[in-house]
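In what follows, a single structure is set out as structure tokens and then discussed.
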Amino acid sequence: MDVIDRAALKYGMPMGPIALMDLIGLDTVSSIFKVMAEGYPDRAEPCPLLTELVQTGRLGRKTGAGFRTFEGRTPAPTSQAVTESGPKSRASENEIETEIIDRLFLTMLLEATRTLDEGIVRDPGDVDLGVMLGLAFPKQRGGLFRWADSLGGREILDRLERLQHLGDRFQPTERLQRMAQTDGTFYPREGY
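Residue numbers (the numbering used here): 113 to 304.
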């Protein structure tokens, strides 16, 4: 858990996703996951761990325990049992952080790309402004589409391919596939 939050903070997010879920309330987050899974069953699914925590009354800060246990307003150190229960990896810290960032933000990028493809938004700048103001996406990254352009279409496809075993939510859109083939970008190159 701590490594996930640290990676998000290092990337520039004001708070890690685990800390954010504990703040919002795991019951609320679990309800959101269920709605997303009903609306998009091909790329969203409920989280069994979240359901289990809610069923045991661990709702986050409001009950003093969620993913973490809280002593007052401060999370207690993560228990050694939780830390040791996670999978062991031979990957470097940088590789682990990169995969965490990819798992957090590539799915957001895919959904944002769909909003362009479906005509929900017309301009990548609208999405980028929205994620920076509404989700506190790191301003220094310029938004999801600027971040994607900085990586390049081929790199995005390579990263998505490495995550395909995790499910359809990492399936690249046709737009991203075309961009990888043509070295395309969301923004005109002269705009850089």
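All C-beta atoms, glycine included, are put in the ideal place defined by N, C-alpha and C.
- The residues 154, 155, in chain order, have a CB closer than 6 Å to that of residue 280 in the same chain once the five nearest residues on each side in sequence are set aside.
- In its chain, beyond the 5 residues on either side, 271 have a beta carbon closer than 6 Å to the beta carbon of residue 214.
- Annotation: residue 162 to residue 138 spans about 7 Å, alpha carbon to alpha carbon.
- For residue 145, the secondary structure class from DSSP, reduced to helix, strand or coil, is helix.
- Taken in chain order, the unbroken stretches of alpha helix (DSSP H) that lie wholly in the stretch 239 to 264 and span 4 residues or more are 256 to 263.
- In the pairwise beta carbon analysis, the stretch 232 to 239 is classified as not touching the stretch 129 to 144: fewer than three pairs are separated by under 8 Å.
- Under the three-state reduction of DSSP, residue 183 is assigned to strand.
- Judged by pairs of C-beta atoms under 8 Å, the stretch 212 to 230 touches the stretch 243 to 258, as three or more such pairs exist.
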